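For the record, the sequence lines run as chains A and B. Position in the first sequence counted from 1, then plus 254, gives you this note's numbering. Position in the second sequence counted from 1, then plus 254, gives you this note's numbering. Below is one structure, written out as structure tokens; the observations come after it.
Protein chains: 2
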Amino acid sequence: MDEVQGYAAELRRAYLFSQVSDEHLQSLIKSAQQVRLGAGEILFSHGQRAERFFLLREGLMKLFRVSPEGDEKIIEITQPGQTFAEAVLFMGTEGRYPVSAQAIHDSRLFAFHYAPFRELLTSSADACFGMLASLSRRLHMLVNQIESLTLQSATYRLVAYLLEQIPRDIQESPEVLLTTPKSAIAGRLAMQPETLSRILAKLRNSSLIDVHANHIILRDVQALRGLIHRPPPGES
Amino acid sequence: MDEVQGYAAELRRAYLFSQVSDEHLQSLIKSAQQVRLGAGEILFSHGQRAERFFLLREGLMKLFRVSPEGDEKIIEITQPGQTFAEAVLFMGTEGRYPVSAQAIHDSRLFAFHYAPFRELLTSSADACFGMLASLSRRLHMLVNQIESLTLQSATYRLVAYLLEQIPRDIQESPEVLLTTPKSAIAGRLAMQPETLSRILAKLRNSSLIDVHANHIILRDVQALRGLIHRPPPGES
DNA sequence: GCCGCCAATTGACCCAGATCAAGGCAAATC
DNA sequence: GATTTGCCTTGATCTGGGTCAATTGGCGGC
Numbered sequence: 255m256d257e258v259q260g261y262a263a264e265l266r267r268a269y270l271f272s273q274v275s276d277e278h279l280q281s282l283i284k285s286a287q288q289v290r291l292g293a294g295e296i297l298f299s300h301g302q303r304a305e306r307f308f309l310l311r312e313g314l315m316k317l318f319r320v321s322p323e324g325d326e327k328i329i330e331i332t333q334p335g336q337t338f339a340e341a342v343l344f345m346g347t348e349g350r351y352p353v354s355a356q357a358i359h360d361s362r363l364f365a366f367h368y369a370p371f372r373e374l375l376t377s378s379a380d381a382c383f384g385m386l387a388s389l390s391r392r393l394h395m396l397v398n399q400i401e402s403l404t405l406q407s408a409t410y411r412l413v414a415y416l417l418e419q420i421p422r423d424i425q426e427s428p429e430v431l432l433t434t435p436k437s438a439i440a441g442r443l444a445m446q447p448e449t450l451s452r453i454l455a456k457l458r459n460s461s462l463i464d465v466h467a468n469h470i471i472l473r474d475v476q477a478l479r480g481l482i483h484r485p486p487p488g489e490s
Numbered sequence: 255m256d257e258v259q260g261y262a263a264e265l266r267r268a269y270l271f272s273q274v275s276d277e278h279l280q281s282l283i284k285s286a287q288q289v290r291l292g293a294g295e296i297l298f299s300h301g302q303r304a305e306r307f308f309l310l311r312e313g314l315m316k317l318f319r320v321s322p323e324g325d326e327k328i329i330e331i332t333q334p335g336q337t338f339a340e341a342v343l344f345m346g347t348e349g350r351y352p353v354s355a356q357a358i359h360d361s362r363l364f365a366f367h368y369a370p371f372r373e374l375l376t377s378s379a380d381a382c383f384g385m386l387a388s389l390s391r392r393l394h395m396l397v398n399q400i401e402s403l404t405l406q407s408a409t410y411r412l413v414a415y416l417l418e419q420i421p422r423d424i425q426e427s428p429e430v431l432l433t434t435p436k437s438a439i440a441g442r443l444a445m446q447p448e449t450l451s452r453i454l455a456k457l458r459n460s461s462l463i464d465v466h467a468n469h470i471i472l473r474d475v476q477a478l479r480g481l482i483h484r485p486p487p488g489e490s
């Protein structure tokens, strides 16, 4: 295959594979499968045997849990270029997915099987380290998420989320384009869509932001930063 | 050292070291330090350079975050035999602790430095896998925690916590002995001590449990299980 | 025995955000 | 151009659990 070269470059952009040698990468690609999902399709469900992990090439995925009552909590929204579900491969012989995965938009993915990848890890300490780094990054993200879910108000969480988005866009004009439906963002931030809407309205009235559909302009980044660093009841 | 043998056995009980060879373990022990902490002493603080990780030998530690407003969120309560803060070693050259660690009771720990441990990992794929398994276990715990913090009410979280405690005690008499102060448990479960107290009172009035100080008897495990599996508004 | 200290409990009150219920608006379908 | 569908917004109301404060009950020190 000639495409293999192109795929290798694509994989290398994921943290997980950044340290892996060309040969390893190519053998890995040969054992990988391509997966296509339509918007709304389920990739795997919570509790299912975990035999593969994934790299999102295009589209958008959400990882979530559903409570017995049917409420849905979005743990993570996966962007193209990110891997997910790598962790389960090390949970022992009978690993099961701890979350469900569903496509938000039409998506294309690579699927990697347990066995070949495990082989790769045993033969390459660097790959191992890449994996470890990848997992610990995820670990920290979760710790941060727990903190913001318990320590901060809904407004804090939303503003923090907006501020997180700007570095990857043009820094000069602090605009955020919401690629995900607002209801999904609300889920990720553990609030109802109504609440998200109300908070945006509140921020708009304080002219801290402008909202045009899914296009949000941060008019006063300084003030927004201040908002999440000190409590709302401002004195002095 | 003759103690080294005993230490090796002690370490092996931690998941992280379970797969490590004797030689590696012993060289690791030689490079480890012993740490003693009085109740309330801080081991490290959020944001500090992370150069070591730890194995708790005796006592009780809490890992927590503090918000700018001074609220404290307990991320984890570490029991003897558990390692913590391993993840930071892979966050790159300038890893920093994402949480603070404080002794709840007087504690004794082993401290392991970054460098020797990293050496061990490069030379042993098994050790690497142990590490990966350890991290992914922690990852799953955090995902579970996020779920219960967002999907469930305070009562759900407390009951789930109580039910989690029984398998390790005698199964026949479902009693739970709270080894940690109730206020710490409240923190771990993201609620105020007052709320915890009220919920215990409520459960006691429904005669689902008996409370004698830090000794709790689960009088109706079946009903408690039901409580966390279906919503309180019970209909047929 | 008395006092101070701290954890736990209990009561009264309050508020952020959930829930319920209408619209509004734009793209898709007829 | 009318109608349906999906997503978002807005308003009104409700409530779990946080906050503040008072009370109780060990427990160690003097």
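Every residue gets a Cβ at the ideal spot worked out from N, C-alpha and C, and that includes glycine. Computed from a predicted model, the values in this text were never measured in an experiment.
Next on the checklist: Assuming Val-289 (chain B) and Val-397 (chain A) are in contact, meaning their beta carbons sit under 8 Å apart, how far apart are those beta carbons, in whole angstroms?
Outcome noted: Here residue 289 (chain B) refers to the residue found at position 35 of the second sequence. Here residue 397 (chain A) refers to the residue found at position 143 of the first sequence. Between Val-289 (chain B) and Val-397 (chain A) the beta-carbon gap is near 23 Å, outside 8 Å, which marks them as no contact.
Checklist entry - Would you say Glu-401 (chain A) faces chain B, with C-beta separation under 9 Å as the test? => result By 1-based counting over the first sequence, the position of residue 401 (chain A) is 147. Yes - at least one Cβ of chain B is within 9 Å of the one on Glu-401 (chain A).
Next on the checklist: Give me the subset of the segment 378-392 of chain A whose CB atoms are less than 8 Å from a CB atom of chain B, sorted by chain position.
Outcome noted: Of all residues in the segment 378-392 of chain A, the ones placed with a Cβ closer than 8 Å to any Cβ belonging to chain B are Ala-379, Cys-382, Phe-383, Met-385, Leu-386, Ala-387, Leu-389, Ser-390, Arg-391, Arg-392, in chain order.
Checklist entry - Do we get a CB-CB distance below 9 Å when we pair Ile-329 (chain B) with the residues of chain A? => result Locating residue 329 (chain B) in the second sequence gives position 75, where the first residue counts as 1. For Ile-329 (chain B), the answer is yes, since a Cβ of chain A falls inside 9 Å of its Cβ.
Checklist entry - On the three-pair Cβ rule with 8 Å, is the segment 323-343 of chain B touching the segment 278-288 of chain B? => result Between the segment 323-343 of chain B and the segment 278-288 of chain B, the count of Cβ pairs shorter than 8 Å is below three; the stretches do not touch.
Checklist entry - Could one say the Cβ of Gln-273 (chain A) lies closer than 9 Å to chain B's Cβ atoms, at least one of them? => result Translated into the one-based positions of the first sequence, residue 273 (chain A) becomes position 19. So no, Gln-273 (chain A) is outside the interface.
Next on the checklist: Quick check: is the beta carbon of Thr-433 (chain B) nearer than 9 Å to any beta carbon in chain A?
Outcome noted: Your numbering for residue 433 (chain B) matches position 179 in the second sequence. Not closer than 9 Å to any Cβ of chain A, the Cβ of Thr-433 (chain B) fails to qualify, so no.
Checklist entry - How many Å lie between Asp-276 (chain B) and Ala-262 (chain B) at the Cα? => result For this step, residue 276 (chain B) is matched to residue 22 along the second sequence. For this step, residue 262 (chain B) is matched to residue 8 along the second sequence. If you draw a straight line from the Cα of Asp-276 (chain B) to the Cα of Ala-262 (chain B), it is about 7 Å long.
Next on the checklist: Along the segment 340-360 of chain B, where does the CB come closer than 9 Å to a CB of chain A? Name the residues.
Outcome noted: Glu-340, Ala-341, Val-342, Leu-343, Phe-344, Met-345, Gly-346, Gly-349, Pro-352, Val-353: these are the residues of the segment 340-360 of chain B whose beta carbon lies less than 9 Å from some beta carbon of chain A, given in chain order.
Item to check | Residue from A:Leu-457, A:Gln-419, A:Ile-439, A:Leu-282 whose Cα sits closest to the Cα of Val-430 (chain A) | outcome: Residue numbering aside, residue 430 (chain A) sits at position 176 when the first sequence is read from its first letter. Looking from the CA of Val-430 (chain A), the closest CA among A:Leu-457, A:Gln-419, A:Ile-439, A:Leu-282 belongs to A:Gln-419.
Checklist entry - In angstroms, rounded to a whole number, what distance separates the CA positions of Phe-371 (chain B) and Ala-365 (chain B)? => result Here residue 371 (chain B) corresponds to residue number 117 of the second sequence, with the count starting at 1. Here residue 365 (chain B) corresponds to residue number 111 of the second sequence, with the count starting at 1. Each residue's Cα considered, the two are about 11 Å apart.
Item to check | Ser-275 (chain A), enclosing alpha helix (DSSP H) - first and last residue | outcome: The residue you call residue 275 (chain A) lines up with position 21 of the first sequence. Per DSSP, Ser-275 (chain A) belongs to no alpha helix (DSSP H) and is neither H nor E.
Checklist entry - Which residues does DSSP pair with Asp-380 (chain A) in a beta bridge? => result Within the first sequence, residue 380 (chain A) is the residue found at index 126, counting from 1. Beta-bridge pairing links Asp-380 (chain A) to no other residue.
Checklist entry - Among B:Leu-457, B:Asp-325, B:Gln-302, which has the Cα closest to the Cα of Ala-477 (chain B)? => result In the second sequence, the residue the question calls residue 477 (chain B) occupies position 223. Closest by C-alpha distance to Ala-477 (chain B), out of B:Leu-457, B:Asp-325, B:Gln-302, is B:Leu-457.
Checklist entry - Once you ignore the five residues that flank Val-413 (chain A) on each side, which residues in its own chain have a CB closer than 8 Å to its CB? => result Residue mapping note: residue 413 (chain A) aligns to position 159 of the first sequence, counting from 1. For Val-413 (chain A), where only same-chain residues beyond five positions count, the Cβ hits under 8 Å are Leu-457, Leu-478, Leu-481, Ile-482.
Checklist entry - Relative to the C-alpha of Ser-301 (chain A), which residue among A:Arg-350, A:Gly-335, A:Leu-454 is closest? => result Working through the first sequence from its first residue, we reach residue 301 (chain A) at position 47. A quick correction: the sequence has Gly, not Ser, at residue 301 (chain A). Among A:Arg-350, A:Gly-335, A:Leu-454, the Cα nearest to that of Gly-301 (chain A) is on A:Arg-350.
Item to check | Neighbourhood of Leu-403 (chain B) by C-beta distance below 7 Å, restricted to the same chain and skipping five residues each side | outcome: Sequence index remark: in the second sequence, residue 403 (chain B) carries index 149 (1-based). So the list reads Ala-444, once near-sequence residues are dropped.
Next on the checklist: Can you give me the C-alpha to C-alpha distance between Leu-279 (chain A) and His-469 (chain A), rounded to a whole angstrom?
Outcome noted: Here residue 279 (chain A) is taken as the residue at index 25 of the first sequence, counted from 1. Here residue 469 (chain A) is taken as the residue at index 215 of the first sequence, counted from 1. Rounded to whole angstroms, Leu-279 (chain A) to His-469 (chain A) spans 38 Å at the Cα level.
Item to check | Inter-residue CB distance, Leu-314 (chain A) and Phe-338 (chain A) (contact presumed, cutoff 8 Å) | outcome: The residue labelled residue 314 (chain A) in the question sits at position 60 within the first sequence. The residue labelled residue 338 (chain A) in the question sits at position 84 within the first sequence. About 12 Å separates the two Cβ atoms, so there is no contact after all.
Next on the checklist: Between which residues of its own chain and Gln-446 (chain B) is the CB-CB distance below 7 Å, once the five residues before and five after are set aside?
Outcome noted: Start at 1 with the first residue of the second sequence, and residue 446 (chain B) comes out as number 192. If we look at Gln-446 (chain B) and ignore the five residues flanking it on each side, its Cβ neighbours are Ala-440.
Next on the checklist: Under 7 Å, CB to CB, which of the residues in the segment 438-457 of chain B have a partner in chain A?
Outcome noted: Cβ contacts with chain A come from Ala-444.
Checklist entry - Who are the Cβ neighbours of Leu-374 (chain A) in its own chain at under 8 Å, not counting the five residues just before and after it? => result Here residue 374 (chain A) refers to the residue found at position 120 when the first sequence is read from its first residue. Excluding residues up to 5 positions away in sequence, Val-274, His-278, Ser-281, Leu-282, Ala-381 lie with their Cβ nearer than 8 Å to the Cβ of Leu-374 (chain A) in the same chain.
Checklist entry - Across which residues does DSSP place Ala-387 (chain B) in a beta bridge pair? => result Here residue 387 (chain B) is taken as the residue at index 133 of the second sequence, counted from 1. Under DSSP, Ala-387 (chain B) takes part in no beta bridge, so it has no partner.
Checklist entry - Candidates B:Glu-348, B:Asn-459, B:Ser-390, B:Ser-437: which alpha carbon is nearest Lys-327 (chain B)'s? => result The sequence position of residue 327 (chain B) within the second sequence is 73, counting from 1. Lys-327 (chain B) has its Cα closest to that of B:Ser-437, out of B:Glu-348, B:Asn-459, B:Ser-390, B:Ser-437.
Item to check | CA nearest to the CA of Leu-417 (chain A), picked from A:Leu-472, A:Gly-384, A:Ser-390 | outcome: What you label residue 417 (chain A) is simply residue 163 of the first sequence in a count that begins at 1. Nearest C-alpha to Leu-417 (chain A): A:Leu-472.
Checklist entry - What is the rounded straight-line gap between the Cα of Ser-388 (chain B) and the Cα of Ser-377 (chain B)? => result Taking the second sequence and counting its residues from 1, one reaches residue 388 (chain B) at position 134. Taking the second sequence and counting its residues from 1, one reaches residue 377 (chain B) at position 123. Whole-angstrom Cα-Cα distance: 18 Å.
Next on the checklist: Taking the alpha helix (DSSP H) that Ile-453 (chain B) belongs to, which residues open and close that run?
Outcome noted: Position 199 of the second sequence, counted from the first residue, corresponds to residue 453 (chain B). Element bounds for Ile-453 (chain B): 447-459.
Item to check | Host alpha helix (DSSP H) of Ser-437 (chain A) (start-end) | outcome: Position 183 of the first sequence, counted from the first residue, corresponds to residue 437 (chain A). The continuous alpha helix (DSSP H) containing Ser-437 (chain A) extends over residues 436-442.
Checklist entry - How many angstroms separate the CA atom of Phe-383 (chain B) from the CA atom of Ala-304 (chain B)? => result Residue 383 (chain B) sits at position 129 when you count from the first residue of the second sequence. Residue 304 (chain B) sits at position 50 when you count from the first residue of the second sequence. The straight-line gap from Cα to Cα measures roughly 22 Å.
Checklist entry - Whose C-alpha, out of B:Ser-361, B:Thr-332, B:Ser-461, is nearest the C-alpha of Ala-268 (chain B)? => result Sequence index remark: in the second sequence, residue 268 (chain B) carries index 14 (1-based). Among B:Ser-361, B:Thr-332, B:Ser-461, the Cα nearest to that of Ala-268 (chain B) is on B:Thr-332.
Checklist entry - Along chain A, in chain order, which residues have C-beta atoms closer than 8 Å to that of Gln-406 (chain B)? => result As a working note, residue 406 (chain B) is residue 152 in the second sequence. Residues of chain A passing the Cβ test: Ser-321.
Next on the checklist: Contact criterion: CB-CB distance below 9 Å. Does Thr-376 (chain B) meet it with respect to chain A?
Outcome noted: For the purposes of this step, residue 376 (chain B) is taken as the residue at position 122 of the second sequence. By this cut-off, Thr-376 (chain B) is an interface position.
Checklist entry - In terms of residues, what are the limits of the beta strand (DSSP E) holding Arg-311 (chain B)? => result If you number the second sequence from 1, residue 311 (chain B) lands on position 57. Bounds of the beta strand (DSSP E) holding Arg-311 (chain B) are 306-312.
Checklist entry - Taking all protein chains shown into account, do 16 or more other C-beta atoms lie within 10 angstroms of the C-beta of Gln-406 (chain A), making it buried, or fewer, making it exposed? => result In the first sequence, the residue the question calls residue 406 (chain A) occupies position 152. Gln-406 (chain A) counts as buried, since no fewer than 16 other beta carbons sit within 10 angstroms of its beta carbon.
Checklist entry - Of all the options A:Tyr-415, A:Val-475, A:Ala-408, which has the alpha carbon lying nearest to the alpha carbon of Arg-452 (chain A)? => result Taking the first residue of the first sequence as 1, we reach residue 452 (chain A) at position 198. Ranked by Cα distance from Arg-452 (chain A), the first of A:Tyr-415, A:Val-475, A:Ala-408 is A:Ala-408.
Item to check | First through last residue of the beta strand (DSSP E) which encompasses Thr-332 (chain B) | outcome: Here residue 332 (chain B) corresponds to residue number 78 of the second sequence, with the count starting at 1. Start and end: 326-332.
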